[in-house]
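Residues 10 to 465 in my numbering are what the sequence shown spells out, letter by letter.
Idealized CB from N, CA, C, for every residue including glycine.
All of these numbers come straight from a predicted model, not from anything done at the bench.
Contents: one structure, followed by commentary.
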Amino acid sequence: MKTKSTLLVMVALVGFFTNAQNQEKCSEDLQLFAQYSKSKEFNEAYKYLQPLRSNCPKINKAIYLYGEYVLLNKIDNAATPEEKVAFVNDLNVLYTEHDLNYPDNNKGNTLKKGMNLFDNNVGSKDEVYNLLDTAFKTDNANFTSAKALYTYFELFVNQYENGTKGIELQQVFDKYDEITEKLELEEKGLSDDLDILLNKIENNEELSDKENRIKEKNEYNLEQFSTVKGSMDSKIVMLSTCDKLIPFYQKSFEEKKTDVLWLKRAAERLEIKECDSDPLFTKISEQLHRLNPTAESAYLLGVAAQRAGNTSKALEYFNQSAELFTDGTKKAKVYYKIATMFGKSNKSQARSYAKKALSAKPSFGQSYMLIAQLYASSANECGSSPFDKRAVYWLCAQYANKAAAVDPALKATANRQAASYNASAPSKTDIFNENKGGQRVSFNCWIGESITVPSL
Numbered sequence: 010m011k012t013k014s015t016l017l018v019m020v021a022l023v024g025f026f027t028n029a030q031n032q033e034k035c036s037e038d039l040q041l042f043a044q045y046s047k048s049k050e051f052n053e054a055y056k057y058l059q060p061l062r063s064n065c066p067k068i069n070k071a072i073y074l075y076g077e078y079v080l081l082n083k084i085d086n087a088a089t090p091e092e093k094v095a096f097v098n099d100l101n102v103l104y105t106e107h108d109l110n111y112p113d114n115n116k117g118n119t120l121k122k123g124m125n126l127f128d129n130n131v132g133s134k135d136e137v138y139n140l141l142d143t144a145f146k147t148d149n150a151n152f153t154s155a156k157a158l159y160t161y162f163e164l165f166v167n168q169y170e171n172g173t174k175g176i177e178l179q180q181v182f183d184k185y186d187e188i189t190e191k192l193e194l195e196e197k198g199l200s201d202d203l204d205i206l207l208n209k210i211e212n213n214e215e216l217s218d219k220e221n222r223i224k225e226k227n228e229y230n231l232e233q234f235s236t237v238k239g240s241m242d243s244k245i246v247m248l249s250t251c252d253k254l255i256p257f258y259q260k261s262f263e264e265k266k267t268d269v270l271w272l273k274r275a276a277e278r279l280e281i282k283e284c285d286s287d288p289l290f291t292k293i294s295e296q297l298h299r300l301n302p303t304a305e306s307a308y309l310l311g312v313a314a315q316r317a318g319n320t321s322k323a324l325e326y327f328n329q330s331a332e333l334f335t336d337g338t339k340k341a342k343v344y345y346k347i348a349t350m351f352g353k354s355n356k357s358q359a360r361s362y363a364k365k366a367l368s369a370k371p372s373f374g375q376s377y378m379l380i381a382q383l384y385a386s387s388a389n390e391c392g393s394s395p396f397d398k399r400a401v402y403w404l405c406a407q408y409a410n411k412a413a414a415v416d417p418a419l420k421a422t423a424n425r426q427a428a429s430y431n432a433s434a435p436s437k438t439d440i441f442n443e444n445k446g447g448q449r450v451s452f453n454c455w456i457g458e459s460i461t462v463p464s465l
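Here it is, written out as structure tokens:
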């Protein structure tokens with residue numbers, strides 16, 4: 010009996026020391042693995058990656074965070090197509106292991122698996138779509154890649170067009186709406202952060218290096234999201250012409266007339282596609298407002314009233330909508346809509362509403378562009394001499410430059426417009442002949458602003 014007990018103790022001690030040795034080896038391997046990964050010596054790091062995954066998968070999450078970069082490097086530098094496929098598949102296994110050993114890691118690994126296959130043309134389109142679909146439905150918060158959102162939509166539309174999955178047109182519209190709502194949610198987060206920084210700049214506060222990096226990153230990502238929305242619109246444009254949408258929604262109205270979400274999306278799509286002159290749009294908008302009066306439904310009724318030529322009623326609904334909206338972006342869009350309504354009839358009112366849009370959303374560059382256009386259209390009305398009249402274009406260029414500075418999606422267009430305005434302004438020769446360099450030119454018309462003439 011004593012011998013048996015002694016033997017058990019010895020076995021336990023051997024196991025203890027073996028585990029201790031293994032743990033020590035794992036710690037050493039992890040340290041070297043991290044060191045090589047940080048210094049981008051990925052081939053050396055790879056020698057330690059596989060043993061760490063096999064022998065001590067839970068020792069540290071660095072295995073998976075650094076391991077991703079190691080395997081991405083292996084994919085980029087694979088010697089043969091077969092070797093590349095093997096590394097692509099192994100990276101997806103690593104993503105799975107990460108989720109298994111560190112659940113709730115918030116790294117979007119299901120999304121990464123789908124895009125890994127797609128970017129490297131490995132596996133079938135169905136495999137890619139299924140992974141992206143799972144990620145979108147179960148890990149939406151981490152589905153933030155502009156490219157992935159477009160890929161997800163494109164693959165779904167392709168399935169509809171192929172006619173092999175039994176997908177109906179309504180499902181395509183629903184998917185478009187879901188992804189668009191996600192894009193707008195991501196844009197809102199980025200632009201809200203950007204607005205804070207733009208307000209600091211407006212108040213002559215200097216941004217820190219970190220804030221400048223955030224500003225540049227947000228501007229880049231906003232530009233990417235804008236491109237994706239444009240590409241999605243191009244993809245769906247042939248499926249959503251008025252001659253297709255109106256009978257499609259007319260057929261479904263009786264069945265869906267108590268479905269608030271269906272009514273909202275149908276009205277918004279008809280408005281976006283400029284099908285809002287059809288009585289069906291008014292019918293849907295009124296039903297939506299009856300069931301669920303909101304800022305959105307008030308806006309849609311405003312559109313219907315505007316289309317019917319009832320400007321005063323349209324303004325009443327639009328102002329009501331803007332006041333009800335708490336989201337700065339949506340509020341700005343409504344104020345901008347009102348500004349465009351006043352564009353020709355009352356330029357001062359148009360500018361007033363454009364500035365309201367900017368108060369609600371400082372990065373709403375379209376308002377700066379509109380003000381520039383309003384000023385340009387008044388060039389002949391403002392100024393006591395030909396020189397002063399053309400000097401208005403310098404002011405226009407300033408507003409276009411502001412649009413480029415605050416709104417990444419408008420940057421290229423705004424820069425082109427600013428260049429055009431500057432080209433219409435007085436030349437250096439004109440400044441010399443008029444002896445106006447460095448002087449202030451005031452515009453005492455409705456504009457009520459002034460500009461400093463460039464010094465020669």
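Under the three-state reduction of DSSP, which class applies to residue i: helix, strand or coil?
i              : result
asparagine 236 : According to the sequence displayed, residue 236 carries threonine and not asparagine. The answer is helix: DSSP assigns threonine 236 an H, G or I state.
isoleucine 347 : helix
lysine 197     : helix
aspartate 38   : helix
cysteine 405   : helix
leucine 192    : helix
alanine 88     : coil
aspartate 416  : coil
serine 217     : coil
leucine 74     : helix
leucine 80     : helix
When DSSP builds the beta bridges, which residues end up paired with residue i?
i              : result
isoleucine 460 : Val450
Leaving out five residues before and five after residue i in sequence, what residues of the same chain have Cβ atoms less than 7 Å from its Cβ?
i                 : result
glutamate 196     : Leu231 and Phe234
glutamate 443     : Phe396
serine 240        : Tyr159
asparagine 125    : Val97, Leu100 and Asn101
leucine 207       : Pro371, Ser372 and Val415
phenylalanine 327 : Tyr308, Gly311, Val343, Lys346 and Ile347
glutamate 305     : Lys273
threonine 89      : none
Closest to residue i by CA distance: which of the options is it?
i                 : options                           : result
lysine 411        : Asp218, Ile281 and Ile210         : Ile210
cysteine 35       : Pro60, Leu164, Glu91 and Lys49    : Pro60
glutamate 77      : Cys65, Phe42 and Pro90            : Phe42
aspartate 252     : Glu50, Ser433 and Glu283          : Glu283
tyrosine 308      : Tyr384, Arg222 and Ala341         : Ala341
threonine 147     : Val166, Leu120 and Phe162         : Leu120
leucine 446       : Asp439, Ile456, Ala432 and Pro463 : Reading the sequence as shown, one finds glycine at residue 446 and not leucine. When each option's Cα is compared against that of glycine 446, the closest is Pro463.
tyrosine 45       : Ile72, Cys65, Arg62 and Gln32     : Ile72
leucine 248       : Asn118, Val269, Gln180 and Ser306 : Gln180
alanine 427       : Phe441, Glu458, Ala381 and Ser394 : Ala381
phenylalanine 257 : Ser243, Lys238 and Arg278         : Arg278
leucine 194       : Glu225, Asn213 and Phe152         : Phe152
aspartate 416     : Glu33, Leu203, Asn52 and Ser330   : Leu203
lysine 437        : Ile456, Ser154, Thr335 and Trp403 : Trp403
asparagine 167    : Ile245, Thr143, Ile440 and Lys156 : Ile245
phenylalanine 262 : Ser294, Ala144 and Thr250         : Ser294
serine 386        : Gly352, Gln358 and Ser361         : Gly352
asparagine 453    : Ala313, Gln40, Asn149 and Gly392  : Gly392
Report all residues from its chain with a CB closer than 6 Å to the CB of residue i; omit the five preceding and five following residues, and keep chain order.
i              : result
glycine 123    : Val137, Leu140 and Leu141
tyrosine 377   : Tyr408, Lys411 and Ala412
lysine 83      : Phe96
tyrosine 111   : Lys70
alanine 369    : Gly337, Lys340 and Ala341
arginine 316   : Asp285 and Ser286
alanine 388    : Lys398 and Val401
lysine 420     : Ala413
isoleucine 281 : none
alanine 155    : Gln233, Phe234 and Val237
lysine 265     : Trp271
Confirm the yes/no value for this check: CB of residue i, any heavy atom of the ligand MG, distance under 8 Å.
i           : result
alanine 304 : The ligand MG is not part of this structure, which contains no ligands at all.
Could you pull out every residue in the same chain whose Cβ sits closer than 8 Å to the Cβ of residue i, ignoring the five residues on either side in sequence?
i                 : result
arginine 274      : Phe182, Asp183 and Asp186
valine 269        : Leu297, Leu300 and Asn301
phenylalanine 162 : Lys184, Tyr185, Ile188, Met241 and Lys244
leucine 367       : Ala341, Phe373, Ser376 and Tyr377
Uninterrupted alpha helix (DSSP H) stretches inside the stretch 96–146 (no shorter than 4 residues)
Within the stretch 96–146, the complete alpha helix (DSSP H) segments at least 4 residues long are 118–128, listed from N- to C-terminus.
Which full runs of the alpha helix (DSSP H) of 4+ residues lie inside the stretch 315–365, going along the chain?
The qualifying runs are 320–333 and 337–350.
Which ranges does the beta strand (DSSP E) cover as unbroken runs of at least 3 residues, wholly within the stretch 142–184, from first to last along the chain?
None, since the stretch 142–184 contains no complete beta strand (DSSP E) of that length.
Entirely enclosed alpha helix (DSSP H) segments - the stretch 365–395, minimum 4 residues:
At a cut-off of 4 residues, the continuous stretches assigned as alpha helix (DSSP H) that sit fully inside the stretch 365–395 are 374–385.
Any alpha helix (DSSP H) of 4 or more consecutive residues that is wholly inside the stretch 242–321:
Those alpha helix (DSSP H) runs which fall completely within the stretch 242–321 and span 4+ residues are 251–265, 269–281, 288–300 and 304–316.
Jot down the residue ranges of each uninterrupted beta strand (DSSP E) in the stretch 36–72, minimum 3 residues, whole runs only, in chain order.
Complete beta strand (DSSP E) runs here, min 3: none at all.
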